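Colleague: Below is a structure I'd like to ask you about.
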Ligand SMILES: Cc1cc2nc3c(=O)[nH]c(=O)nc-3n(C[C@H](O)[C@H](O)[C@H](O)COP(=O)(O)OP(=O)(O)OC[C@H]3O[C@@H](n4cnc5c(N)ncnc54)[C@H](O)[C@@H]3O)c2cc1C
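In my numbering, the protein residues as written are 2 to 358.
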């Protein structure tokens with residue numbers, strides 16, 4: 002019988018696996034993708050949010066990609082590794098020989114979400130947020146909880162959207178540490194950018210959201226219409242796998258430590274030997290290794306490639322004023338060339354998957 006490789010989640014690495022689906026067919030394997038919707042490219046998400054890019058600029062439809070694979074539009078609810086079976090949300094059961102998870106992450110549970118804050122992930126929620134702000138003509142009091150790279154970029158993008166709509170930016174970015182893990186120079190550039198773009202930075206945690214107010218503790222409050230939570234990520238994983246919030250523990254060959262026929266990559270995986278932050282770039286770089294290892298594992302071959310993620314990587318934030326804030330290791334720079342480079346890199350990535358349609 003034809004051996005079956007099942008990909009769960011249309012994440013970055015799986016998009017590349019679909020692009021190379023002919024390799025699986027050439028090896029005599031059948032390839033199935035199970036994902037409920039589209040692929041949203043986070044690199045272009047804030048460009049969409051600010052109105053600089055068209056609403057569907059960050060979205061790709063994996064079903065439209067050419068190649069010998071089957072797309073099942075469903076969410077996987079449970080994995081049963083002992084019987085190599087998946088249970089989908091509609092109750093359907095499906096078996097696999099080799100399984101690969103690229104299911105991303107979500108904003109970790111926080112009382113702010115229960116109180117009505119909008120999560121920064123999934124990225125599709127940001128496209129809906131743009132429409133809400135546009136409907137109000139930009140005249141909304143906005144706030145973002147969490148001052149990491151994602152929170153900062155969302156705050157700057159929303160302020161940019163308000164300016165674009167002819168409204169005065171009303172934006173608060175709150176978080177005890179600005180850009181944790183980034184060099185001091187990047188933090189200085191970020192503070193200047195926020196001052197220039199109408200973002201007020203409050204170096205405190207948002208403790209609560211109630212009655213249209215955000216509460217910072219010590220009786221400090223601010224009125225708000227919309228709060229976005231960018232407060233930390235947890236892995237998306239189906240039930241039945243023994244894993245914590247950080248993700249499924251994987252070896253250097255991206256196989257699960259608990260079962261060599263299950264692989265995981267991107268935000269849903271925890272690379273034991275090389276821990277890295279949850280960023281799309283690692284899923285992109287891991288893709289060639291994942292694809293080869295899936296083909297080898299499904300074909301009964303023991304050879305495996307190892308993935309060593311780079312220790313320094315380029316991050317470019319869209320400041321929303323025509324400039325980008327770039328960071329590479331301890332280096333930081335802000336200017337128009339950084340945004341030009343970001344748009345070029347993002348466009349090249351998206352084109353890679355559109356061109357094959
Ligand atoms: C605003 C914002 C900006 C960002 N900018 C950048 C950036 O510039 N550069 C960067 O490197 N990172 C960036 N990130 C981080 C980036 O979003 C994540 O690291 C990246 O999306 C993770 O990719 P992935 O391939 O692991 O999964 P994703 O690309 O998130 O894909 C996961 C897929 O799995 C599917 N899925 C989930 N659960 C199931 C299930 N049970 N069954 C079936 N399918 C399922 C989802 O529908 C989704 O299609 C940003 C994040 C945000 C929020």
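We put the beta carbon where it would ideally sit given N, CA and C, even for glycine. Keep in mind it's a predicted model, so treat the numbers as computed, not measured.
Can you name, in chain order, every residue of its own chain whose Cβ lies under 7 Å from the Cβ of residue 41, other than the five neighbours on each side?
Modeller: Excluding positions up to five away in sequence, the list reads 59, 60, 123, 124, 125.
Colleague: Identify whether residue 3 lies in helix, strand or coil by the three-state DSSP scheme.
Modeller: Of the three classes helix, strand and coil, the one that applies to residue 3 here is coil, per DSSP.
Colleague: Which ranges does the beta strand (DSSP E) cover as unbroken runs of at least 3 residues, wholly within the segment 233–279, from first to last along the chain?
Modeller: Fully enclosed beta strand (DSSP E) runs of 3 or longer: 234–236, 249–251, 260–265, 270–272.
Colleague: Work out the CA separation of residue 38 and residue 358 for me, nearest whole Å.
Modeller: The pLDDT assigned to residue 358 is 42, lower than 50, so where the model puts this residue is not dependable; a value taken from the coordinates is nonetheless given after this. Answer to the nearest angstrom: the Cα atoms are 17 Å apart.
Colleague: I'd like to confirm something about residue 11: is its beta-carbon nearer than 6 Å to some heavy atom of ligand 1, or not?
Modeller: Within the cutoff, so yes.
Colleague: Near residue 26, what residues of its chain come up, given a Cβ to Cβ distance below 6 Å and the 5 sequence neighbours on each side ignored?
Modeller: Taken in chain order, the residues that qualify are 69.
Colleague: State the Cα-Cα distance for the pair residue 11 and residue 339, rounded to the nearest angstrom.
Modeller: Spanning the two alpha carbons is a distance of roughly 28 Å.
Colleague: Tell me whether residue 272 is buried or exposed, calling it buried when 16 or more other Cβ atoms sit within 10 Å of its Cβ.
Modeller: So residue 272 ends up on the buried side.
Colleague: Considering only C-alpha positions, which residue in the set 170, 308, 198 is nearest to residue 255?
Modeller: Residue 308 is the option with its Cα nearest to residue 255.
Colleague: How should residue 303 be labelled, buried or exposed, when 16 other C-beta atoms within 10 angstroms of its C-beta is the threshold for buried?
Modeller: Residue 303 is exposed by the Cβ-count criterion.
Colleague: Is the beta carbon of residue 35 within less than 6 Å of some heavy atom of ligand 1?
Modeller: Residue 35 Cβ: within cutoff of ligand 1.
Colleague: How is the beta strand (DSSP E) around residue 156 delimited, first residue to last?
Modeller: First-last for residue 156: 150–165, but that is the alpha helix (DSSP H), not the beta strand (DSSP E).
Colleague: Can you check whether the CB of residue 4 is closer than 7 Å to the CB of residue 298?
Modeller: Contact flag unset, no.
Colleague: When DSSP labels each residue in this structure, what does residue 188 get in the three-state scheme?
Modeller: In this structure, residue 188 counts as helix in the three-state DSSP scheme.
Colleague: Could you check how far apart the C-beta atoms of residue 292 and residue 21 are, in whole angstroms? I think they sit under 8 Å.
Modeller: Going by Cβ atoms, the distance from residue 292 to residue 21 rounds to 6 Å, so yes, they are a contact pair.
Colleague: Under a three-way DSSP split, which group does residue 135 fall into?
Modeller: Reduced to three states, the DSSP call for residue 135 is helix.
Colleague: Could you name the residues that DSSP lists as bridge partners for residue 222?
Modeller: In the DSSP output, where bridge partners are listed per residue, residue 222 has 216.
Colleague: For residue 357, name the three-state secondary structure that DSSP assigns.
Modeller: With a pLDDT of 47 at residue 357, under the threshold of 50, the modelled position of this residue cannot be trusted; read the value that follows with caution. Residue state, collapsed to three classes: coil.
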